[in-house]
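Its first residue numbered 4, the sequence shown is counted upward by one per residue in my numbering.
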Amino acid sequence: MLRAIDEAPAAGAGAAQAPAQGQPKDTTGKKKKRDKMEPIVLGKGAKAFARILTSLKRISINYTENATATVYGYTDSTRLLGMNFKSQAPGLGFIFGRQPDTSFISTLARKGLVTGDPNLNFQNRQDYQQKLTINAQLVPVRDLTIDLTVDKTFGKTYSELYKDTTAAGYSGQFARLNPYAEGSFSVSYISFQTLFEKINPNEVSETFLKFQDNRRIISQRLGKENPYSGGQQTTDGYYKGYGKYSQDVLIPAFFALPAKSRASLLELPVSVP
């Protein structure tokens, strides 16, 4: 089949053959059986469709998840597999990778397994990372190879200080201090609609000029929607808290570059209070 796609049809291939001179004409009306050894001949349309179907030569998909939890001030001993089977701590779920919620350390504290030292200043921390990678190789025509890579990562982190808040310590009065949560996200992106625009090295491209206009529009929208900004503009025309290099301004301005998108109508990826 692949040979039939790549090879050009031989001269006269696929054409009906006239009976040799002197041989009687076949009047039975039966269709002549094709010789099994005869190569398959495809038309131009069938070849083009077959090339699309067979252009994907290789693809690999990798997906990983990593989750970690760090608890400071844990006072119990660890034995087999990190578990103390006498006190049943920290628990089978924890040692086999289950990510606990914020009540987990409170349970340990009630059992007396968290130190009451008032000098403890290490933050407990939970991290989660997710990554997806897709690699593919396409050969749509001979001597043309296209390698595609798609990456997507997502992560989040939570940390807090869990300690005895009394001056002398060891009172059993624990509190959660300085809770902090953050996240990250990245994804590969190809701007097909602006990829093949003509570029004049002596002029500023229209795409970049539109990007500059989008930044001002996004800054204005965010500044007016956020009551803490107060609708105040800086000397360069951007709104307070949403300057030209602000991440909340740059990312939406970039996604509004395609011709059919408008920065004034684009849904903002971040919410303002």
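Using N, Cα and C, we set each Cβ at its ideal position, and we do this for glycine too.
The model shown is predicted, which means the values in this text are computed figures rather than measured ones.
Handout entry: Outcome for L111 when other beta-carbon atoms lying within 10 angstroms are tallied against a minimum of 16
Key = In the sequence shown, residue 111 corresponds to position 108, counting from 1. A buried status is given to L111, since no fewer than 16 other beta-carbon atoms sit within 10 Å of its beta-carbon.
Problem - Contact under 9 Å by Cβ, G76 with Y183 - result: Your numbering for residue 76 matches position 73 in the sequence shown. Your numbering for residue 183 matches position 180 in the sequence shown. No, they are not a contact pair.
Practice task
Return the first residue and the last residue of the beta strand (DSSP E) that K60 is part of.
Solution key: Locating residue 60 in the sequence shown gives position 57, where the first residue counts as 1. Its beta strand (DSSP E) spans residues L59 to T73.
Practice task
Please classify D167: does DSSP put it in a helix, a strand, or coil?
Solution key: For the purposes of this step, residue 167 is identified with residue 164 of the sequence shown, where counting begins at 1. Here D167 sits in strand by DSSP.
Problem - Inter-stretch contact (C-beta, 8 Å, three-pair minimum) for the segment 54 to 62 and the segment 110 to 124 - result: no
Practice task
Have a look at E163 and F157 and give me their C-alpha separation to the nearest angstrom.
Solution key: Walking along the sequence shown from the start, residue 163 turns up at place 160. Walking along the sequence shown from the start, residue 157 turns up at place 154. Between E163 and F157, the C-alpha separation is close to 21 Å.
Practice task
Confirm, please, whether the CB-CB distance from L116 to D79 is below 9 Å.
Solution key: As a first step, residue 79 is located in the sequence shown; it is residue number 76 there, counting from the start. As a first step, residue 116 is located in the sequence shown; it is residue number 113 there, counting from the start. It is a contact, given that the beta carbons lie within the stated cut-off.
Practice task
Return the bridge partner residues of R128 from the DSSP annotation.
Solution key: Walking along the sequence shown from the start, residue 128 turns up at place 125. Paired residues: T73 and S162.
Problem - Boundaries (first-last residue) of the beta strand (DSSP E) holding G186 - result: Locating residue 186 in the sequence shown gives position 183, counting from the first residue. It spans F177 to V190 - the beta strand (DSSP E) in which G186 sits, taken as one unbroken run.
Practice task
With distances taken Cα to Cα, identify the nearest neighbour of Y100 among R82, A139, Y131 and Q250.
Solution key: Numbered from 1 along the sequence shown, position 97 holds the residue referred to as residue 100. A quick correction: the sequence has Gly, not Tyr, at residue 100. G100 has its Cα closest to that of Y131, out of R82, A139, Y131 and Q250.
Problem - Counted within 10 angstroms of its Cβ, other Cβ atoms place I221 as buried (16 or more) or exposed - result: Within the sequence shown, residue 221 is the residue found at index 218, counting from 1. I221 should be labelled buried.
Handout entry: 8 Å Cβ shell around Q102 - same chain, five flanking residues per side excluded
Key = Within the sequence shown, numbered from 1, the residue matching residue 102 stands at position 99. Closer than 8 Å at Cβ, skipping near neighbours: A70, A72, Q129 and Y131.
Problem - Euclidean distance between Cα positions of E206 and E200 - result: Within the sequence shown, the letter at position 203 stands for residue 206. Within the sequence shown, the letter at position 197 stands for residue 200. Straight-line Cα distance between these residues: approximately 13 Å.
Exercise for the section: Please indicate yes or no: does the CB of P230 lie closer than 8 Å to some heavy atom of the ligand NAD? Expected result: Questions concerning the ligand NAD fall outside what the structure shown contains, since it holds no ligand whatsoever.
Exercise for the section: Rounded to whole angstroms, what's the CA-CA distance from S174 to S187? Just pull it up for me. Expected result: The count along the sequence shown starts at 1 and reaches residue 174 at position 171. The count along the sequence shown starts at 1 and reaches residue 187 at position 184. Their Cα atoms are separated by approximately 38 Å.
Problem - As assigned by DSSP and simplified to three states, the class of D154 - result: Taking the sequence shown and counting its residues from 1, the one referred to as residue 154 is at position 151. DSSP places D154 in strand when its eight states are reduced to three.
Practice task
Kindly indicate which residue of R145, Y231, L260 and F214 has the alpha-carbon position closest to the one of Y282.
Solution key: Since the displayed the chain opens at 4 and closes at 276, residue 282 lies outside it and no answer follows.
Exercise for the section: State the DSSP-derived secondary structure class of Q235, mapped to helix, strand or coil. Expected result: Mapped onto the sequence shown, residue 235 falls at position 232. If DSSP states are grouped into helix, strand and coil, Q235 belongs with coil.
Exercise for the section: Report yes if the C-beta distance between N203 and L260 is below 9 Å; otherwise report no. Expected result: As a first step, residue 203 must be located in the sequence shown, where it is residue number 200. As a first step, residue 260 must be located in the sequence shown, where it is residue number 257. Taking 9 Å as the Cβ cut-off, N203 and L260 do not qualify as a contacting pair.
Practice task
State the start and end residues of the unbroken alpha helix (DSSP H) segment that holds G226.
Solution key: As a position in the sequence shown, residue 226 is number 223, starting the count at 1. Where G226 is concerned, the enclosing alpha helix (DSSP H) stretches over E209 to E228.
Problem - Cα-Cα separation between Q223 and Y241, rounded to whole angstroms - result: As a first step, residue 223 is located in the sequence shown; it is residue number 220 there, counting from the start. As a first step, residue 241 is located in the sequence shown; it is residue number 238 there, counting from the start. Each residue's Cα considered, the two are about 7 Å apart.
Handout entry: Option nearest S191 by Cα separation, candidates P143, I254, T152 and R145
Key = Position 188 of the sequence shown, counting from 1, holds the residue named residue 191. Nearest option by C-alpha distance: T152.
Practice task
Count the other CB atoms, across all protein chains shown, that sit within 10 Å of the CB of I149; report buried if there are 16 or more and exposed otherwise.
Solution key: Taking the sequence shown and counting its residues from 1, the one referred to as residue 149 is at position 146. So I149 ends up on the exposed side.
Handout entry: Whole-angstrom distance between F195 and L269, CA atom to CA atom
Key = For the purposes of this step, residue 269 is identified with residue 266 of the sequence shown, where counting begins at 1. For the purposes of this step, residue 195 is identified with residue 192 of the sequence shown, where counting begins at 1. In this model, L269 and F195 are separated by some 18 Å (Cα to Cα).
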